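Residue numbers (the working numbering): 80 to 407. Glycine is no exception: its CB is placed at the ideal position from the N, C-alpha and C atoms. Remember, it's a predicted structure, so these values are computed and weren't measured experimentally.
Next up, the structure:
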């Protein structure tokens, strides 16, 4: 049966606080789709954006973008005050997102909410952390380290941290415990609102179509944690870089790294969705021997294939996702 859909990224929804979110304005747009008989809502990748604020350059393939956490919901829960949120001039124009202002102030506002929330953490939060620990622990540490290094990419950190030495990681998890917990809470809030958003769409019989970047960003937690899966040299520098060849409109060097197909291939494994030609054999970085093919390696391959779209990731884990099929 034929149907229609609209591409509307979350960031483009109306908002008093600088950028569209998973809150009431998203529900209003879903109501509009329902009234007009529109069956599909397509969005862009929803991962945390890095340099350039592009949804196709993300720090993580699992994490959600904290910008999309609805502040009004946090106000209703008593974690923020309306005056705290409205005191900031989020943008000069209501039809544009001022990403510089968001970068400067959004996490400050969210940290205020976190401090109040952390006074009495609910059991649901700890259950979430346990359920998602396979990626959440590394992601929260990665973001805490980026804050501690004033936004520097991981490949410019000191060698013992860049190479993820065990003793160093243990020390850093203790030293940055508060900041790590902050990023865990942000993901808890995001996922809670995201699941409510998806549930609302399902009730209205609106199907969600996601979008994904082809490659992982070089400055991402996945490349930091699993460099042997990507086309890097012995110094963890990129050997191959993704981009767009020049045409009448010019070209683009995207800065996204290629992944190795060969280490992920084998019975029970599935290679990364967008695999570059295999690079020549190379020695693993110092202290980073290539791991044997394991169930974890296969899981990493699966995770990369569906990069940033959390809806795809969840359905893929349940064996229901196939490429770019719409999902609820």
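Please report how far the alpha carbon of residue 147 lies from the alpha carbon of residue 235, in whole angstroms.
Using only the alpha carbons, I get a separation of about 29 Å.
Nonlocal neighbours in the same chain, by C-beta distance under 6 Å from residue 136, ignoring five residues either side
Same-chain partners within the cutoff: 129 and 296.
Hey, would you say residue 152 sits closer than 8 Å to residue 102, going by beta carbons?
Contact flag set, yes.
Three-state class that DSSP yields for residue 367 in the structure shown:
Residue placement at residue 367 is flagged as unreliable, the pLDDT there being 37, under the threshold of 50; a coordinate-derived value is accordingly withheld.
Does the Cβ of residue 144 have 16 or more other Cβ atoms within 10 Å, making it buried, or fewer, making it exposed?
Looking at its Cβ environment, which holds 16 or more other Cβ atoms inside 10 Å, residue 144 is buried.
Does the structure place the region 159 to 171 close enough to the region 104 to 117 that three or more beta carbon pairs sit under 8 Å?
Contact fails: fewer than three Cβ-Cβ distances are below 8 Å.
Check whether the region 303 to 319 touches the region 177 to 184, taking contact to mean three or more Cβ pairs, one atom from each stretch, closer than 8 Å.
No: the two stretches stay apart, fewer than three of their Cβ pairs being nearer than 8 Å.
Among 134, 104 and 107, which has the Cα closest to the Cα of residue 293?
Comparing C-alpha distances from residue 293 to each of 134, 104 and 107 shows the shortest one belongs to 134.
Span of the beta strand (DSSP E), counted from its first residue to its last, around residue 288
Unbroken beta strand (DSSP E) run through residue 288: 286 to 288.
How long is the line joining the alpha carbons of residue 404 and residue 258, rounded to whole angstroms?
Note that residue 404 scores 38 on pLDDT, short of 50, meaning its location in the model is unreliable and no value can be drawn from it.
Nearest-angstrom Cα separation, counted from residue 212 out to residue 267:
If I take the Cα positions, the gap works out to 12 Å.
Given a threshold of 16 other Cβ atoms within 10 Å of its Cβ, counted over all protein chains shown, does residue 222 qualify as buried or as exposed?
By the neighbour-count rule (16 or more Cβ atoms within 10 Å), residue 222 is buried.
Terminal residues of the continuous alpha helix (DSSP H) containing residue 184?
Segment 178 to 196, the alpha helix (DSSP H) holding residue 184.
Assigned exposure category for residue 95 - 16 Cβ within 10 Å defines buried:
The residue is exposed, with fewer than 16 neighbouring Cβ atoms inside 10 Å.
Distance, residue 251 Cα to residue 314 Cα
Roughly 22 Å between the two C-alpha positions.
Where are the beta strand (DSSP E) runs, 3 residues long or more, that stay fully inside the region 103 to 156, in chain order?
Taking only runs of at least 3 residues, the beta strand (DSSP E) segments lying wholly in the region 103 to 156 are 119 to 121.
Considering Cα atoms alone, identify which of 201, 312 and 225 is closest to residue 300.
Of the candidates 201, 312 and 225, 225 places its Cα closest to the Cα of residue 300.
Secondary structure of residue 216, DSSP reduced to three states:
Helix, per DSSP.
Residue 142: which of 126, 150, 154 and 156 sits nearest, CA to CA?
The residue with the shortest Cα to Cα distance from residue 142 is 126.
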